[in-house]
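J.: Per numbering that gives the first Met the number 0, the sequence shown starts with residue 0, numbered consecutively.
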Amino acid sequence: MTQLAHPGRWMLVGVLAWLSVAVTGVQSARQSGEMRDLFQRLSTNQQTQDGLLAEYRLLLLERATLAAYQNVERIAVEELDMEFPEEVRQVERWRRGER
0 MTQLAHPGRW MLVGVLAWLS VAVTGVQSAR QSGEMRDLFQ RLSTNQQTQD
50 GLLAEYRLLL LERATLAAYQ NVERIAVEEL DMEFPEEVRQ VERWRRGER
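Here you go:
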């Protein structure tokens with residue numbers, strides 16, 4: 000009989016249970032939206048990172064190319080005693096029978 004004596008208490012328990020379910024649902028929806036926003040930001044950052052890495056690879060290649068040219072010049076001058084000529088002349092090549 001104690002259960003029937005306090006019908007308002009059970010009504011309050013039911014309303015509180017319903018409210019807790021509703022609040023949990025709203026929080027879940029809010030968290031889901033935040034996760035979507037964070038995932039979008041992550042995707043944008045990854046695309047930016049990919050672009051920067053591609054540019055970095057090109058810069059490394061360019062630096063290596065410049066270093067290779069400098070090494071060729073250094074080896075030619077220091078080890079092979081080569082010099083740039085003071086006078087540059089154009090040499091023409093004749094084909095046989097054209098003179």
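Virtual Cβ for every residue (Gly too), placed ideally from N, Cα, C.
What residue range does the alpha helix (DSSP H) around residue 37 cover?
T.: Residues 6 to 77.
J.: If we ignore side chains and look at the alpha-carbon of each, how far apart do residue 14 and residue 48 end up?
T.: Answer to the nearest angstrom: the Cα atoms are 50 Å apart.
J.: I need the straight-line Cα distance from residue 27 to residue 35, nearest angstrom please.
T.: Each residue's Cα considered, the two are about 12 Å apart.
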